[in-house]
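Numbering (the numbering used here), first residue to last: 16 to 464.
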Ligand code: NIG
Ligand code: FE
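(1) CB-CB under 7 Å to residue 33, same chain, minus the five flanking residues each way: which ones, in chain order?
(2) Is the separation between the beta-carbon of residue 217 and that of residue 369 shorter than 8 Å?
(3) Does residue 138 come out as helix, strand or coil in the three-state DSSP assignment?
(4) Rounded C-beta distance between residue 303 and residue 276? I'm assuming under 8 Å.
(5) Alpha carbon to alpha carbon, what distance is there between residue 290 and residue 482?
(6) Residue 145: buried (16+ other C-beta within 10 angstroms of its C-beta) or exposed?
(7) Rounding to the nearest angstrom, what Cα-Cα distance links residue 215 and residue 292 in this structure?
(8) Quick check on the DSSP output: the alpha helix (DSSP H) that includes residue 210 runs from which residue to which?
(9) Any contact of the region 224-238 with the region 194-201, i.e. 3+ C-beta pairs under 8 Å?
(10) Give a yes or no on whether 8 Å exceeds the smallest Cβ distance from residue 251 to chain B.
(11) Can you tell me which of the three DSSP states residue 354 falls into?
(12) Does DSSP put residue 453 in a helix, a strand or coil?
(13) What I want to know is whether the C-beta of residue 368 ends up closer than 7 Å to one or more non-hydrogen atoms of the ligand NIG.
(14) What do you reckon, is the C-beta of residue 169 under 7 Å from a heavy atom of the ligand FE?
(15) Name, in chain order, the residues that DSSP records as bridge partners for residue 345.
(16) DSSP state of residue 260, grouped into three classes?
(17) Reducing DSSP to helix, strand and coil, say where residue 268 ends up.
(18) In the DSSP assignment, find the unbroken alpha helix (DSSP H) run with residue 439 in it and report its ends.
(19) Determine the DSSP secondary structure at residue 399, reduced to helix, strand or coil.
(20) Measure the Cβ-Cβ separation of residue 405 and residue 126 and say whether it is below 8 Å.
(21) On the three-state DSSP scale, how would you describe residue 238?
(22) Taking the beta strand (DSSP E) that residue 126 belongs to, which residues open and close that run?
(23) Along the chain, where does the alpha helix (DSSP H) containing residue 382 start, and where does it finish?
(24) Give the DSSP-derived three-state secondary structure of residue 165 in the structure shown.
(25) When you compare the region 373-384 with the region 175-191, are there three or more beta-carbon pairs, one atom per stretch, that lie closer than 8 Å?
(26) Three Cβ pairs or more, each shorter than 8 Å: is that satisfied between the region 383-390 and the region 426-434?
(27) Taking 7 Å as the cut-off, is the beta-carbon of residue 372 closer than that to any non-hydrogen atom of the ligand NIG?
(28) Counting C-beta neighbours from all protein chains within 10 Å, is the total for residue 180 16 or more, i.e. buried, or is it exposed?
(29) Give me, in chain order, the residues of the same chain whose beta-carbon lies closer than 8 Å to that of residue 436; leave out the 5 immediate sequence neighbours on both sides.
(30) Three or more beta-carbon pairs under 8 Å between the region 359-368 and the region 334-351, yes or no?
(31) Whole-angstrom Cβ separation of residue 23 and residue 354, contact assumed at under 8 Å?
(32) Report the three-state DSSP secondary structure of residue 277 (helix, strand or coil).
(33) Following the continuous beta strand (DSSP E) through residue 323, name the residue where it begins and the one where it ends.
(34) Given that a residue counts as buried once 16 or more other Cβ atoms are within 10 Å of its Cβ, and exposed if not, what is residue 238?
(35) The ligand FE and residue 413: does the residue's C-beta get closer than 7 Å to at least one heavy atom of that ligand?
(36) If you compare alpha carbons, which of 173, 257, 297, 205 is closest to residue 240?
If you want it as structure tokens, here you go:
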């Protein structure tokens, strides 16, 4: 398959670059007026300028090409289908499909390395409490917050939980995310945590997006346990959780789990082969970043409250600092020190944190906009943070997250006239023409007859 007439092909990264740090955050490869070929296995084959179109003898006149169906933003019915993008046209061999991007931009699909989208019901009552002046901590202290979601999840059967979660997954893919991490953490007892992990597994087996699963048993102390008992319960859950999850997470923050609790859990998790990705420094300078680095975490996430010691700890590590501006926006927290991190030579990943309590949205384009408007990242820095670096934070940046030969053709094709700068600038204007997952167009509505 070939995509032609790409106004701007951006997010090109050389083979072997698995993350961007420091000054590299400001670099990305771009070709104006480009084509891109996709191999039959759904990976990127090659790309180049239109002047240099391979197989130009194929007669790609306007009657021989078709655009993708452009249904990406979703109709009223959300049926999961995934079909080949263009109808074979007369004059072109059937195995050669052509998408005319009509001057639209092609960029790597978003990677969202931190979400809690398996949850039941909603927490809109707490939304009103928040408007009336209660803080996230005050809501949690009254038995709301994560424990509220845990009660709702306990009373929702696995099938219904899957159905509700799938609506969010489909919404996220339609908005351009092709790789998504999903955490447990609203179960807070062995039975319900495993229920969540099974639902994540089923999502992984159902959707064409790439899904990574994280065991966040230590999200809050489950009802009926002391903290001490619950930390032990989490450790006891690890062998079963490790059969379903790719990573382990702990909410290492004030009022939740201490660095000592986190250490115990991460040590035990390492024995089951689970690499950490941890919640740290959202509510306080919790020591979570240092613990994450000590246990070679793939990422430390939130960092609204990180100071110089956190930056020092991250230097020279394999841990990706990950920031979640959606929760800063929703909770009114500081946005953190992204530009200081980058000036110190570190990389940044950005993720949505999609969850019912602190960031009820999974729109990575809005995350880019917040990063540019509130965190003062440039559009190129924000792009690297929502693609390659976020893929790194899920351990898949060798497979996706950039325009690189051999990587999955997880791509966004935009409507004509878009540029990278305009994405976070006119940040509410629809821009997606279609999303390709491993080279196949994602359809949120049933294909039209
Ligand atoms: O990342 N901070 C901890 N966990 C989530 C919030 C979860 C919730 O409130 O349901 C977060 O913000
Ligand atoms: Fe989170």
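Yeah, the Cβ is synthetic: ideal placement off N, Cα and C, and Gly gets one too. Owing to the predicted nature of the structure, the values given are computational and were not obtained by experimental measurement.
The answer reads as follows:
(1) Annotation for residue 33: 407, 412, 413 place their beta carbon closer than 7 Å to its own, counting only its chain and skipping 5 residues before and after.
(2) No, the Cβ-Cβ distance between residue 217 and residue 369 is not below 8 Å.
(3) Note: residue 138 maps to coil in three-state DSSP.
(4) The beta-carbon separation of residue 303 and residue 276, rounded to 11 Å, does not stay under the 8 Å limit for a contact.
(5) There is simply no residue 482 to check, as the chain begins at 16 and stops at 464 in what is shown.
(6) Around the beta carbon of residue 145, 16 or more other beta carbons sit within 10 angstroms, so the residue counts as buried.
(7) Cα to Cα, residue 215 sits roughly 17 Å from residue 292.
(8) Here the alpha helix (DSSP H) through residue 210 covers 205-221.
(9) Yes, the region 224-238 is in contact with the region 194-201.
(10) Given the protein chain composition of this structure (a single chain), no chain B is represented.
(11) The answer is helix: DSSP assigns residue 354 an H, G or I state.
(12) Reduced to three states, the DSSP call for residue 453 is coil.
(13) Taking non-hydrogen atoms of the ligand NIG into account, the C-beta of residue 368 is found less than 7 Å away from one of them.
(14) Here the distance from the Cβ of residue 169 to the nearest heavy atom of the ligand FE is not below 7 Å.
(15) For residue 345, DSSP assigns no beta-bridge partner whatsoever.
(16) Reduced to three states, the DSSP call for residue 260 is coil.
(17) Three-state DSSP puts residue 268 in coil, outside helix and strand.
(18) Note, residue 439: alpha helix (DSSP H), 437-440.
(19) Under the three-state reduction of DSSP, residue 399 is assigned to helix.
(20) Result yes, Cβ atoms of residue 405 and residue 126 sit closer than 8 Å.
(21) Under the three-state reduction of DSSP output, residue 238 falls in the coil class, being neither helix nor strand.
(22) Here the beta strand (DSSP E) through residue 126 covers 125-127.
(23) Its alpha helix (DSSP H) spans residues 379-388.
(24) Helix.
(25) Contact between the region 373-384 and the region 175-191 is present, because at least three Cβ pairs lie under 8 Å.
(26) Taking 8 Å as the limit for Cβ pairs, the verdict is that the region 426-434 does not touch the region 383-390.
(27) Answer for residue 372: yes, Cβ within range of the ligand NIG.
(28) Residue burial is scored here from C-beta neighbours: residue 180 has at least 16 other C-beta atoms within 10 angstroms and is therefore classed as buried.
(29) These residues qualify, in order along the chain: 394.
(30) Yes, they touch.
(31) Contact flag wrong, Cβ pair sits at about 25 Å.
(32) Of the three classes helix, strand and coil, the one that applies to residue 277 here is helix, per DSSP.
(33) Element bounds for residue 323: not the beta strand (DSSP E) but the alpha helix (DSSP H), 323-329.
(34) Classification for residue 238: exposed.
(35) Exclusion of residue 413 from the 7 Å shell around the ligand FE follows from its C-beta lying no nearer than that to any non-hydrogen atom of the ligand.
(36) Among 173, 257, 297, 205, the Cα nearest to that of residue 240 is on 205.
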